[in-house]
Amino acid sequence: MTPVQFVTKWKNNPLSERAGSQAFFLDLCSMLGVDPPNNPDSYCFERGATRTGAGHGWADVWKRSHFGWENKGPGGDLSGALRQLMTYALALDNPPLLVVSNRDITQIHTHFTGTPSETYTIRLEDIGTPENQQRLRWLFTEPERFRPGRTVLDITTDAAGRFADIAKSMTERRHDPAKVAHFLIQCLFCMFSEDIGLLPKKLFEHVITKRQGDPAKLAVSMAEMFQAMRTGGDFLLEDIAYFNGGLFEHAEVLELVPGEIEALLAASRMDWSAIEPSILGTLFERGLDPKIRAPLGANYTDPGTIMKLVRPVVVEPLEREWEAAKARIAPLVEKYHAGGKGSQKAGQEAQALFLGYVERLKDFRVLDPACGSGNFLYLALRALKDLEHRANLDAEALGLHRQLTIETSPDNVRGIEINAYAAELARVTVWIGEIQWMLKHGYDCRRNPILARLDHIENRDALLNEDGSEAAWPAVDAIVGNPPFLGDKRMRSELGAETTARIRSCYGGRVPGGADLVLYWFEKARAQIEAKRCEAVGLVATNSIRGGANRKVLDRIAQSTRIFEAWSDEPWVNDGAAVRVSLMCFGNRDGAKLDGIPVNGIHADLTAFGQQGTGDTSSSLTNAKALKENAGAAYLGIQKTGPFDIPGELARQWLRLPNPHGRSNSEVVKPWFNGLDITRRNRDFWIIDYGVDMKQDEAALYEAPFGYAKEHVQPTRVGKREARTNEQWWIFQWARPKMRAAVREIPRFIVTPEVSKHRVFAWVRHPIVPDKNLTVIARQDDTTFGILHSRFHELWALGLCTWMGAGNDPRYTPTTTFETFPFPAGMTPADTAAGAPEGPLAEAIATAARRLNELRENWLNPAEWVERVPEAVPGFPDRIVAKPGHEAELKKRTLTNLYNQRPAWLDHAHKTLDAAVAAAYGWTDYTPEMADDEILRRLLALNHARASGQN
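Everything in the sequence shown is counted per the working numbering, starting at 126 for the first residue and increasing by one.
The following block contains the structure:
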């Protein structure tokens, strides 16, 4: 059939909707040269018509992963047809294209996830144009051709960015930021409302256009418009719906200047219908808050990551409830349709089961006790509405009467937020998300008022009442959220000493004083479960939650309830900075999954009991005990707290200067190493080190170093709370006398960076001063070095460490990772305190360790590329200097780069070392293929055996 023949046949064709629908579509296929419907499972007429009791399908035509198509008769209502397709899109497996046609007009609506909807209209008389023919063929062959070029995220970022410029200008004119925020939120909602049809089209844009030359009149007109939205009524001869909900309760319009008016007009001309609520609040907040405006446009946490908490806590248990209800409904419906005795009662019971589930969803409550701008609340509400919508479609497919409305609403969510502006943003996020969801799925949004009051998103402190007592949380079914990330050391500076003291006092005995702020939310959520005021919890925390004082809160959670799902290490964005977090779900839920994998259970350190089906091959390292035999061997380096460090060039100048008491500055000016000097290359930094107790008058005799410290260090130390910092300003904050005593009599000692991508150990010689981000192991023997650098100690350290920074690097500590490690018998720190252990097993480890270190040093500093220059003072380590022409190459020779590459020779050296250490443990069955879990199981068993023997 040619296009001309097609148009001639169907122009003014009198066939009714039912009589002409399939014939129209078959002729269209013939004209386009594409296959007609031919498979009930993938491409058919009347998709869903076979469901019990239904006379019409979910779509007149359906092609899987391509389109849903609804036909109307001549002049038929296409908007109604589109709403029907949107309602049933889920049952149609969410096709990317929704097509409606009344023969005269065919409209293609894009329906791709994460993109705005676009519409292509084809009139019957124009159906033969090459452009329209191509578009129609793409429906059947290449639906991706219709995917919009911009995503919802792009649009939302642009929209929020425009408001950021306006907000910046207004706050620079000294308007109250809170009033600016409220006013611009009202403007935003007006733009959204006119683009989705809740306000007359382009009304807000028209107001700005007409009044842009007179800022005072513009302010009056906007105030009149906001007032009309507050109560409903007339404005500019237009009927304005009743919005209110609290958003328009106060209409304090701020007068704009010309540049701001132009920017607001440009923003009003954008399409706000497709903004993404789950990130809108965050973007908008960053645009309006001067402190966090810079990260606007950074990567944001995607809804999929948030759903890793919402799904197990909210969605999955409710899905299981519906599956159980469906299993009961199906035979009852079958009995009803079979007729006979009891059939009517069976039908009533089936309908009651369905309605009972809908009521369950309606009554389900989700709390975010640190809700910020409402991302979690919106996604939780969307999930509940998705569940109800799915249940409606399933009920209809089973032959029941589906609900014509959606009962879940903003009343399902509860929030607590200390920042009034963020709390208002949260309400707007929920409102917009609710309206968008309803319209997208073919339902009308609520009316009179359009915005339900959201007073249950509260603006208050989630931890303390004004009198210092513990704040109460409402009883709910589930708690989800992302409480504030603030380390225990920063609580005092960020929250203030008084507030910090009040929080710690209120939660004393429940949360350790050294715990991060986020842990107070974890403990309160745990207490809600214990008090039967909540069923399940899903919260975000930095991944340091798994260790230190934080772990005590997790231990308490694991003891009083159960961790049923966790993601131990996930990327996140916090205040624009990339961090690593742990996602943790706990409460009254069955099953357990860790990082998406089913396991038998989850320990407090977010490790597994063992994967399901494999047996319990590992036990929790959280039960490892500190061993007395390891005591007094590992220490933290010094903590300066002040600019004591100086460049090597200046230090060498001082080393040549005389002093009035005739002693060398080399006694107090020494090379200084921190973690970077180990993982990268020696940065040639030195430090002014007056030891642990040198008096000020004695320190002053080292003239140049003391003069420098008095000028640069003293101003940063005086006035501090700690006496050592204030009164002994020339002494390090923590000079580590025990560490110094432990290494004083040995020529070299072992160090490892506190935080590093790879767990590397290195030798350091006197008089180098190790910084606090180096752990010092006060041993000089190669056997200890080899054991520490073995696979076995690395696995142990990784299992007991915490994780730090954007790179999520493991953090090594003298307590949890060293003092608990069970060394081979006869080679423990207690055994090596007096010198190197003897015997063939110890010597084999020492030989392998020496070889590893030798090979590494040759790679780091090739003789062909470097010169070794004697230091200015005899006895100080030589300086390693690049030979001319090798500077750039030598910069790349770092331990981090070496272990990133892990060349074959390095891997072989480590495997040789591992074999020697395994032999010392007596593990004759060890091979490099031995599972990590098995190694940890053996080490933990050895730890327990040693610990029980020392009691």
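Don't be surprised by glycine CBs; every beta carbon is placed ideally from N, CA and C. Keep in mind it's a predicted model, so treat the numbers as computed, not measured.
For residue i, which residues of its own chain have a beta-carbon under 6 Å away from its beta-carbon, when the five flanking residues on both sides are left out?
i, result
"Pro221", "His236, Phe237, Pro268"
"Thr520", "The sequence shown places Ala at residue 520, rather than the Thr named in the question. Answer for Ala520: Phe479, Arg527, listed in chain order."
"Ala1116", "Only positions 126 to 1076 of the chain appear in the structure, and residue 1116 is not among them; the question remains open."
"Arg890", "Arg873, Pro1002"
"Gly158", "none"
"Ala399", "Pro241, Val277, Ile280"
"Leu261", "Leu157"
Let me know the secondary structure DSSP gives residue i once reduced to three states.
i, result
"Gln337", "coil"
"Ala959", "coil"
"Trp859", "strand"
"Ala184", "strand"
"Pro437", "helix"
"Thr747", "helix"
"Ser685", "helix"
"Asp459", "One detail in the question is off: residue 459 reads as Glu in this sequence, not Asp. Here Glu459 sits in helix by DSSP."
"Glu591", "coil"
"Ile771", "strand"
"Gln147", "helix"
"Met126", "coil"
"Asp896", "strand"
"Thr624", "helix"
"Pro785", "coil"
Between residue i and the rest of its own chain, which residues show a CB-CB distance below 7 Å, the 5 nearest in sequence each way excluded?
i, result
"Glu879", "Gly800, Asn898, Leu899, Thr900, Arg936, Tyr937"
"Met126", "Asp152, Ser155, Met156"
"Arg490", "Asn537, Arg539, Val601, Asp602"
"Ala860", "Ile763, Gly816, Val817"
"Leu920", "Asp1057, Ile1060, Leu1061"
"Arg172", "Gly182, Trp183, Ala184, Trp187, Leu217"
"Arg578", "Gly370, Gly371"
"Glu1014", "Trp990"
"Ser881", "Gly800, Thr804, Asp934"
Among the options, which has the Cα closest to the Cα of residue i?
i, options, result
"His375", "Gly472, Leu642, Phe351, Pro165", "Phe351"
"Asn755", "Arg572, Glu648, Thr942", "Thr942"
"Leu588", "Arg627, Leu217, Arg355", "Arg627"
"Leu379", "Ser204, Gly1047, Gly497, Cys312", "Cys312"
"Lys677", "Asn748, Val704, Asn713, Gly712", "Asn748"
"Pro437", "Asp956, Thr1049, Leu731, Cys710", "Cys710"
"Phe149", "Leu249, Gly762, Leu1065, Leu362", "Leu249"
"Val553", "Asn1022, Glu401, Arg658, Val662", "Glu401"
"Glu142", "Trp556, Asn227, Arg490", "Asn227"
"Ser393", "Ile654, His462, Asp320", "Asp320"
"Glu470", "Tyr482, Ile454, Glu484", "Strictly speaking, residue 470 in this sequence is Lys, with Glu absent from that position. The residue with the shortest Cα to Cα distance from Lys470 is Ile454."
"His331", "Pro302, Ser669, Leu389, Asn369", "Leu389"
"Arg781", "Glu996, Pro199, Ser685", "Glu996"
"Pro768", "Ser745, Lys835, Arg806", "Lys835"
"Leu210", "Phe131, Leu518, Thr667", "Leu518"
"Ala289", "Glu385, Gly274, Gly198", "Glu385"
"Gly716", "Arg687, Ser707, Leu708", "Arg687"
Leaving out five residues on either side along the sequence, give the residues of the same chain with a beta carbon under 8 Å from the beta carbon of residue i.
i, result
"Ala391", "Arg287"
"Asn784", "Asn790, Leu826, Tyr827, Glu828"
"Thr1052", "none"
Can you give the beta carbon distance from residue i to residue j, rounded, assuming they're within the 8 Å contact cut?
i, j, result
"Asp493", "Gly606", "4 Å"
"Leu864", "Gly762", "A small fix is needed here, since residue 864 is Met in this sequence, not Leu. Sure, about 7 Å apart at Cβ, within 8 Å."
"Ala824", "Trp855", "5 Å"
"Asp694", "Arg705", "6 Å"
"Asp728", "Ser745", "Checking the sequence, you will find His at residue 728 rather than Asp. Yes, they are in contact, since the Cβ atoms of His728 and Ser745 sit about 4 Å apart, within 8 Å."
For a cutoff of 8 Å on Cβ pairs, would you count residue i as touching chain D?
i, result
"Pro947", "Absent from the structure: chain D. Only one protein chain is present."
- Task: Report yes or no: do the stretch 336–353 and the stretch 285–296 share at least 3 C-beta pairs separated by less than 8 Å?
- Result: no
- Item | Cβ pair count under 8 Å reaching 3, the stretch 975–987 against the stretch 1029–1037 | yes
- Query: So does the stretch 525–542 actually touch the stretch 577–593, counting three or more Cβ pairs closer than 8 Å?
  - Reply: yes
- Taking three-plus beta-carbon pairs below 8 Å as touching, is the stretch 887–894 in contact with the stretch 796–811? yes
- Item | Given 8 Å, three or more beta-carbon pairs between the stretch 1058–1075 and the stretch 988–995 | no
- Message: Check whether the stretch 154–173 and the stretch 273–286 touch, using three or more Cβ-Cβ pairs below 8 Å as the test.
- Response: no
- Task: Assess, as a yes-or-no matter, whether the stretch 459–466 is touched by the stretch 722–735 under the definition of 3 or more beta carbon pairs within less than 8 Å.
- Result: no
- Query: Are three or more beta carbon pairs between the stretch 680–690 and the stretch 635–654 nearer than 8 Å?
  - Reply: yes
- Query: Between the stretch 618–626 and the stretch 655–665, do at least 3 Cβ pairs fall closer than 8 Å?
  - Reply: no
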